[in-house]
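Here's the structure we're looking at; comments come further down.
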Amino acid sequence: MEEAIKRLNAEYGFGLSADEIKLVAAQAEEVRRMLQPLHEIDLAGIMPWTKVDRRVKK
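When we follow numbering that gives the first Met the number 0, the leftmost residue of the sequence shown carries the number 0, and every step to the right adds one.
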(Lines of atoms letter the chains of each structure in order from A; the text may use other names.)
(Lines give C-alpha, C1' and ligand atoms only; values in the text may rest on other atoms or scores of the structure.)
Protein backbone atom coordinates (compact mmCIF):
# COMPACT_ATOMS: atom_id res chain seq x y z
CA MET A 0 0.00 0.00 0.00
CA GLU A 1 2.88 2.35 0.75
CA GLU A 2 4.15 2.03 -2.82
CA ALA A 3 0.77 3.12 -4.18
CA ILE A 4 0.76 6.12 -1.82
CA LYS A 5 4.30 7.00 -2.88
CA ARG A 6 3.28 6.89 -6.56
CA LEU A 7 0.29 9.14 -5.90
CA ASN A 8 2.46 11.48 -3.85
CA ALA A 9 4.94 11.79 -6.71
CA GLU A 10 2.28 12.04 -9.41
CA TYR A 11 0.17 14.70 -7.71
CA GLY A 12 2.92 16.48 -5.79
CA PHE A 13 1.31 16.18 -2.36
CA GLY A 14 4.66 16.60 -0.65
CA LEU A 15 3.99 13.94 1.99
CA SER A 16 6.76 12.97 4.37
CA ALA A 17 7.73 9.31 4.91
CA ASP A 18 5.81 9.30 8.20
CA GLU A 19 2.71 10.74 6.52
CA ILE A 20 2.94 8.13 3.77
CA LYS A 21 3.10 5.36 6.39
CA LEU A 22 0.11 6.87 8.23
CA VAL A 23 -2.00 7.15 5.07
CA ALA A 24 -1.05 3.59 4.05
CA ALA A 25 -2.03 2.26 7.48
CA GLN A 26 -5.36 4.09 7.36
CA ALA A 27 -6.07 2.82 3.84
CA GLU A 28 -5.30 -0.75 4.88
CA GLU A 29 -7.59 -0.43 7.90
CA VAL A 30 -10.44 0.81 5.69
CA ARG A 31 -9.78 -1.98 3.17
CA ARG A 32 -10.08 -4.60 5.92
CA MET A 33 -13.23 -2.94 7.27
CA LEU A 34 -14.93 -2.89 3.83
CA GLN A 35 -13.79 -6.36 2.72
CA PRO A 36 -17.07 -8.06 3.80
CA LEU A 37 -18.99 -5.74 1.46
CA HIS A 38 -16.96 -6.96 -1.50
CA GLU A 39 -17.89 -10.56 -0.65
CA ILE A 40 -21.65 -9.98 -0.96
CA ASP A 41 -23.14 -11.48 -4.12
CA LEU A 42 -25.65 -9.01 -5.56
CA ALA A 43 -26.29 -10.90 -8.79
CA GLY A 44 -29.99 -11.01 -9.52
CA ILE A 45 -30.93 -8.32 -7.02
CA MET A 46 -32.79 -5.33 -8.40
CA PRO A 47 -31.28 -1.97 -7.43
CA TRP A 48 -33.37 0.17 -5.13
CA THR A 49 -34.22 3.59 -6.51
CA LYS A 50 -35.87 6.51 -4.78
CA VAL A 51 -39.04 7.79 -6.38
CA ASP A 52 -39.72 11.46 -5.81
CA ARG A 53 -43.46 11.88 -6.03
CA ARG A 54 -43.09 15.67 -6.28
CA VAL A 55 -41.68 15.37 -9.80
CA LYS A 56 -44.43 15.48 -12.41
CA LYS A 57 -43.96 13.90 -15.83
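Ideal placement from N, C-alpha and C gives every residue a C-beta, glycine not left out.
Spatial distance of residue i from residue j (CA atoms)
i, j, result
"Glu28", "Glu2", "13 Å"
"Pro47", "Ala17", "42 Å"
"Leu15", "Arg53", "48 Å"
"Thr49", "Leu7", "35 Å"
"Leu37", "Val30", "12 Å"
Limits of the unbroken alpha helix (DSSP H) element including residue i
i, result
"Asp41", "Taken as a continuous stretch (DSSP letters only), Asp41 belongs to no alpha helix (DSSP H), as it is neither H nor E."
Assigned exposure category for residue i - 16 Cβ within 10 Å defines buried
i, result
"Ile45", "exposed"
"Ile4", "buried"
"Val51", "exposed"
"Ile40", "exposed"
(request) Quick one: which unbroken alpha helix (DSSP H) runs of 4-plus residues sit fully inside the stretch 8 to 40? Chain order, please. (result) 17 to 38
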